[in-house]
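In full-length UniProt numbering, the protein residues as written are 1 to 233.
Note that CB positions come from ideal geometry on N, CA and C, so glycine has one too.
As structure tokens, the structure follows; a few thoughts come after it.
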Amino acid sequence: MSMRQKKALVYGATLLTIGLSLVSLITILPKPEVAGAREVKSNKANSSNAWLAASFPVENFQGYTSAFGYRRSATGGSNWEFHGGLDIAAPQGSYIRNWWAGRVLKVGDRNACGTHIIIKSGTWEHTYCHMEGNVEVISGRRYLVDRAGGIQIAEGQNIPTGYRIGRVGMTGRTTGPHLHWGLKYDTNYVDPAMVLREMFSQQQIARRGGSTINAQQSQVVIQESATTGDSGY
Ligand SMILES: [Zn+2]
């Protein structure tokens, strides 16, 4: 191969690389019209003081380890990924509590989310990943089973607010024990941190003696991400 041919090859490869990076940037980076969250007034998302009774999802909170939204791939490299939830660190084996009363939509243990449970409460859908235990089929019905934790929950079962639904584990794609907590409102992802802030502000107002909370006192506006496809955990 002559020097000139080699140069042409390298040049071609460089162009191809730049082209590919441009394509991946365009497809992976959030486009304003795609990522631009649709605003929904919190009083539409929920009646004004409804979240007074909501439960924080872990019993032994240690910290928030990864926020909701676009981030560099957790597995390294230069890829961006959409993180469709909030990561809450807690000791392995500590209990997870149901955020809001609802019905078990699905239990699973076969993907990056690990052993997980999805609960539907009206228009809301909440997902809990990386739990202890696994899925077992008993008499044709699918259960999330964690014997050491005393957990056995069936698909279709109704679960009250604050009920223990499992324990923090390390199943699926994770580097340390934490709960990945995902929230969707009407099939769109919602940042769980916004919901937690709203819960805490309502509970604070209530503690100060307010019997009802009006929409003006509720500062947080729930934003729904337009992203509805699969996301990182
Ligand atoms: Zn996560």
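Look up residue 100 in the DSSP assignment and give the residues it is bridged to. Counted from its first residue, the sequence shown places residue 100 at position 100. Residue 100 is not bridged to any residue.
On the DSSP letters alone, give me the boundaries of the alpha helix (DSSP H) that residue 168 sits inside. As a first step, residue 168 is located in the sequence shown; it is residue number 168 there, counting from the start. Residue 168 -> no alpha helix (DSSP H), and no H or E assigned at all.
Quick check on DSSP: helix, strand or coil for residue 152? What you label residue 152 is simply residue 152 of the sequence shown in a count that begins at 1. Three-state DSSP puts residue 152 in a strand.
Rounded C-alpha distance that separates residue 190 from residue 85: Position 190 of the sequence shown holds residue 190. Position 85 of the sequence shown holds residue 85. Near 8 Å, if we compare the C-alpha coordinates of residue 85 and residue 190.
If you measure from the CB of residue 116, is any heavy atom of ligand 1 nearer than 7 Å? As a working note, residue 116 is residue 116 in the sequence shown. Not under cutoff, so the answer is no.
Supposed close pair residue 132, residue 142 - CB separation, criterion 8 Å: Reading the sequence shown from its first residue, position 132 is the one you call residue 132. Reading the sequence shown from its first residue, position 142 is the one you call residue 142. At roughly 17 Å, the Cβ-Cβ gap does not stay under 8 Å, so residue 132 and residue 142 are not in contact.
So what's residue 147 in DSSP terms, helix, strand or just coil? Looking up residue 147 in the sequence shown gives position 147. Correct three-state label for residue 147: helix.
Go to residue 190, then tell me how far its beta strand (DSSP E) extends in each direction, as first and last residue. The residue given as residue 190 occupies position 190 in the sequence shown. 188–190 is the extent of the beta strand (DSSP E) around residue 190.
With distance defined between alpha-carbon atoms, name the residue in 187, 82, 73, 78 nearest to residue 124. Counting from one through the sequence shown, the residue named residue 124 turns up at place 124. Cα-wise, what sits closest to residue 124 is 187.
For residue 234, count the other beta carbons within 10 Å of its own beta carbon; 16 or more makes it buried, fewer makes it exposed. Which is it? Not covered by the structure: residue 234. The range shown for the chain is 1 to 233.
Counting along the chain, where does the beta strand (DSSP E) carrying residue 129 start and finish? Sequence index remark: in the sequence shown, residue 129 carries index 129 (1-based). Residue 129 -> beta strand (DSSP E) spans 124–131.
Pairing CB atoms from the region 60–79 with CB atoms from the region 105–120, are three or more of them under 8 Å? Short answer: they don't touch.
Do residue 130 and residue 179 have their beta-carbon atoms positioned less than 8 Å apart in this structure? As a position in the sequence shown, residue 179 is number 179, starting the count at 1. As a position in the sequence shown, residue 130 is number 130, starting the count at 1. In this structure, residue 130 lies closer than 8 Å to residue 179 by Cβ.
Under 6 Å, CB to any heavy atom of ligand 1. Which residues pass, going along the chain? This criterion selects 66, 83, 85, 87, 180, 233.
8 Å Cβ cutoff met for residue 101 and residue 199: Here the question's residue 101 lines up with position 101 in the sequence shown. Here the question's residue 199 lines up with position 199 in the sequence shown. Contact: no.
Assuming the contact rule is C-beta atoms closer than 8 Å, residue 97 and residue 163 should be a hit. Round their C-beta distance to whole Å, please. Taking the sequence shown and counting its residues from 1, one reaches residue 97 at position 97. Taking the sequence shown and counting its residues from 1, one reaches residue 163 at position 163. About 7 Å separates the beta carbons of residue 97 and residue 163, which is inside the 8 Å limit, making them a contact pair.
Tell me whether residue 90 sits in a helix, a strand or coil according to DSSP, three-state version. Translated into positions along the sequence shown, residue 90 becomes position 90. Coil.
For residue 160, does the count of other Cβ atoms within 10 angstroms reach 16, so buried, or fall short, so exposed? Along the sequence shown, read from residue 1 onward, the residue named residue 160 stands at position 160. Here residue 160 is exposed, its C-beta having fewer than 16 other C-beta atoms within 10 Å.
Just the C-alpha distance for residue 52 and residue 181, rounded to the nearest angstrom, thanks. Translated into the one-based positions of the sequence shown, residue 52 becomes position 52. Translated into the one-based positions of the sequence shown, residue 181 becomes position 181. If you draw a straight line from the Cα of residue 52 to the Cα of residue 181, it is about 19 Å long.
Please tell me whether residue 192 and residue 183 are closer than 8 Å, where the distance is taken between their beta carbons. Taking the sequence shown and counting its residues from 1, the one referred to as residue 192 is at position 192. Taking the sequence shown and counting its residues from 1, the one referred to as residue 183 is at position 183. Contact: yes.
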